[in-house]
Amino acid sequence: FKHFLSTIKSTAKITKYNNQLITKAYSNQISNNQHYNNTSSNGLLFGLFFLGSSLLLLNQDTNCDAEKSVDKSKVSGSASGIKLFSGNANLPLAQDIANHLGLSLGKITLNKFADGEINVIVNENVRGKDVYIIQPTSPPVNESLMELLLMISTMRRASAKKITAIIPYYGYARQDRKMQARVPISAADVARLFEAMGVDRIIAVDLHCGQIQGFFGPRVPVDNLDGGTVGVSYFGDMDLVNPVIVSPDAGGVYRAKQFREAMSKKHDVDCGLAMIIKQRAKANDIERMDLVGSVNGCDAIIVDDMVDTAGTLCKAAEILKEFGARNVYAFASHGVFSGPAPTRIANSVLTELVVLDTIPLSESSMATGKITQLPVGPLLAQAIYNIHNKKSVSALFK
């Protein structure tokens with residue numbers, strides 16, 4: 002009897018069909034006991050009771066072990082096969098993304114030769130892996146762009162299964178069309194460079210123009226994440242008085258409307274809408290500004306995709322103050338802050354300028370005391386998780 006029980010127990014541990022085997026063994030045992038008339042009825046009942054109890058406990062233990070193994074595979078499988086790498090443009094952001102995913106950044110060496118050429122060495126195996134490269138093409142733009150191109154090329158030559166470029170800030174995005182004769186469409190040319198290197202997917206944050214997604218062929222899908230959702234959460238928790246969302250130009254009205262709708266939907270804050278019409282004498286030089294809408298006695302929030310030299314932003318803030326705005330806030334996804342931007346912001350009438358950490362802040366920008374930087378790492382980490390696990394990306398913004 003003990004030998005028989007031991008046999009059933011070992012068999013149940015090995016095969017997943019242990020329930021069928023248990024039933025069969027139980028039936029055989031009954032038939033055998035009925036066949037041998039010399040076995041006492043009390044012994045038979047005791048043996049069957051002991052056998053049934055033992056097999057029931059065994060069945061429960063086996064099922065528990067199976068459930069634990071399934072749960073473990075779900076947890077570990079969510080990030081299996083992912084390799085995260087970062088260039089030198091924004092290492093703190095890359096580390097923040099890795100922390101939210103519960104991963105470590107891949108081992109890669111990025112240095113320069115004596116003549117300034119960039120040298121890329123991947124120090125771990127990426128064959129058959131899903132590789133995600135985090136690199137905004139922020140200042141110095143050309144160096145950051147070349148680093149990213151060479152990293153993509155290196156991963157492709159190292160037989161990576163899939164290469165996704167995480168570009169929080171897409172350089173050359175403002176050169177998206179021909180404004181005069183004999184000029185390039187640089188945003189499209191950069192897209193072709195990425196495709197030529199073998200990238201499989203692009204994830205960006207608030208592209209300057211949505212049509213940049215169309216500069217890539219259908220084999221390279223582009224996810225343009227809405228960084229405004231991070232700003233909405235920040236301003237939605239503030240105690241604003243009659244808030245008005247202001248677009249600094251006609252091209253940004255759609256972005257301002259999205260920001261307004263999100264404030265109303267997620268935080269039940271009723272906001273007005275206004276627009277500034279500007280006329281440029283030349284690039285980065287504003288000749289005249291006019292306001293469409295009312296901001297009198299209101300807290301105004303200027304919403305834009307980026308702040309470069311801050312000339313437009315600071316003049317817009319002055320116009321809003323002249324028309325009676327109580328406080329003037331500003332939100333932009335990308336704080337480039339070139340040239341005189343920090344000084345202009347420090348001396349402006351802006352109450353606060355909120356940006357995302359797609360581009361690292363310089364010391365002079367931090368010293369203004371008016372710039373607040375919000376983390377975009379959680380949003381990018383969730384996008385990576387959804388893409389890797391074949392889930393919806395648009396669901397992040399509903």
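Under this note's numbering, the first residue of the sequence shown is numbered 2, with each subsequent residue one higher.
Ideal Cβ placement from N, Cα and C applies to all residues, glycine included.
Item                                                                                                                 : Value
Residue 335, DSSP secondary structure in three states                                                                : strand
Host beta strand (DSSP E) of residue 131 (start-end)                                                                 : 131-135
Validate contact between the region 271-280 and the region 219-232 using beta carbons, cut 8 Å, 3 pairs              : no
Validate contact between the region 286-304 and the region 241-251 using beta carbons, cut 8 Å, 3 pairs              : yes
Euclidean distance between Cα positions of residue 135 and residue 269                                               : 35 Å
Alpha-carbon to alpha-carbon, residue 382 and residue 366                                                            : 26 Å
4-residue-minimum alpha helix (DSSP H) runs that sit fully inside the region 161-211, ordered along the chain        : 187-198
Cβ shell of residue 194 (< 7 Å), same chain only, five flanking positions each side left out                         : 150
Cutoff 8 Å; reference residue 351; Cβ partners in own chain excluding five residues on either side                   : 314, 315, 318, 329, 330, 331 and 371
Cross-strand partners of residue 301 (DSSP beta bridge)                                                              : 245 and 329
Cβ separation of residue 168 and residue 137, assumed to be a contact under 8 Å, to the nearest whole Å              : 6 Å
Residue nearest to residue 81 in terms of C-alpha spacing, selected from 108, 117 and 129                            : 129
Sheet register partners of residue 144 (DSSP bridge)                                                                 : Answer is none; residue 144 lacks a bridge partner.
Own chain partners of residue 105 with C-beta closer than 8 Å, once the 5 adjacent residues on each side are dropped : 85 and 99
Residue 344 burial status per 10 Å Cβ neighbour count (16 or more: buried)                                           : exposed
The beta strand (DSSP E) enclosing residue 224, as first and last residue numbers                                    : 223-226
Status (buried if at least 16 other CB within 10 Å, exposed otherwise) for residue 42                                : Confidence in residue 42 is poor, its pLDDT being 45 and thus under 50, which makes the residue's placement too unreliable to answer from.
Which of helix, strand or coil DSSP assigns to residue 97                                                            : helix
Proximity winner among 153, 170 and 172, relative to residue 163 (alpha-carbon distances)                            : 153
At least 3 beta-carbon pairs within less than 8 Å: the region 182-190 vs the region 223-234                          : no
Simplified DSSP assignment, three categories, for residue 86                                                         : strand
Unbroken beta strand (DSSP E) run spanning residue 122, endpoints                                                    : 119-123
Straight-line Cα distance separating residue 396 from residue 374                                                    : 25 Å
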